[in-house]
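A.B. asks: In mature numbering (1 follows the signal peptide of the UniProt record, and there is no 0), the protein residues as written are -22 to -1, 1 to 262.
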Ligand SMILES: [Zn+2]
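1) For the pair the stretch 164 to 173 and the stretch 68 to 83, tell me if three or more CB-CB distances fall below 8 Å.
2) What whole-angstrom Cβ distance do residue 172 and residue 223 have, given they're in contact under 8 Å?
3) So, is residue 127 buried or exposed, given that buried needs 16 or more other C-beta atoms within 10 angstroms?
4) Closer than 7 Å by C-beta to residue 116: which residues in its own chain qualify, once you throw out the five before and the five after it? Chain order, please.
5) In angstroms, rounded to a whole number, what distance separates the CA positions of residue 227 and residue 188?
6) Within 10 angstroms of the Cβ of residue 120, are there 16 or more other Cβ atoms? Answer buried if so, exposed if not.
7) Give the straight-line distance between the Cα atoms of residue 183 and residue 235, rounded to the nearest whole angstrom.
8) Cα separation between residue 146 and residue 44?
9) Among 180, 61, 110 and 157, whose alpha-carbon lies nearest the alpha-carbon of residue 219?
10) Return helix, strand or coil for residue 8, following the three-state DSSP convention.
11) What is the rounded straight-line gap between the Cα of residue 51 and the Cα of residue 245?
12) Can we count residue 172 as close to ligand 1, meaning its CB is less than 7 Å from some heavy atom?
13) Quick one, which of 22, 21, 40 and 194 has its alpha-carbon nearest residue 160's?
See below:
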């Protein structure tokens, strides 16, 4: 073989095998991540946002989303609309029409409130529960949950850890991520920290902080009654509601803000707005 032929052969191998080598490198990365129990595996906030967005899109497509003029949507607009840019988090929200008592917030800032929850909570209690869910996003619990879901839906299938891959989630992967969002269970510590976030959220915006304890008390009572099957995940992922109600009450007492909470009247039905009517004035 002359010098030219050797060059030619070298060039041939370089061109032919370069993509294969790249492929092997990606596989090694995924494999390495598996072997290391994903300890060294990078998964950013934006990865979590892209992934959860795909999951929520799937959930929106399989749940009955309340229309923009639905009384549930109108109530949520009124109660929560002003918080769609909360503490630097850009939030979008929707109501799922279902008897289930649940709510969740995801790393991309999606907040979904189940109408079953709105049927049992007054405005302040609803804010306390949503505040808790937002706490999971602010504290990065939602991102960490997505990391675990990602490993199951992507890495275990041998796919690489890249945002471009996440963006191209298949329908079944989006479904898996959606399930992971609904079934997500947080640790006791994460729950306590989200409870604290909820309390601070209520306090910061001048709402009655006693609604936090009151919301947990409702959930505790429900979990003992016949309607427990509608509670599904909000209870199993939120252990010891009585204990948590007590903690929230102790916080209110320490702040000198404690008073017994009486649930305010609320309605999820279409109402005619009385403007300037007697007694309809509310402090902001
Ligand atoms: Zn929680």
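Just so it is clear, CB atoms sit at the ideal spot from N, CA and C, and this is done for glycine as well. Computed from a predicted structure; not experimentally measured.
C.D. replies: Let's see:
1) no
2) The Cβ separation is near 14 Å, so there is no contact.
3) buried
4) 65, 67 and 175
5) 7 Å
6) buried
7) 14 Å
8) Roughly 28 Å separates the two Cα atoms.
9) 110
10) Below a pLDDT of 50, predicted positions are generally treated as unreliable, and residue 8, at 48, falls in that range; the measurement from the model is reported next regardless. The answer is helix: DSSP assigns residue 8 an H, G or I state.
11) 12 Å
12) yes
13) 40
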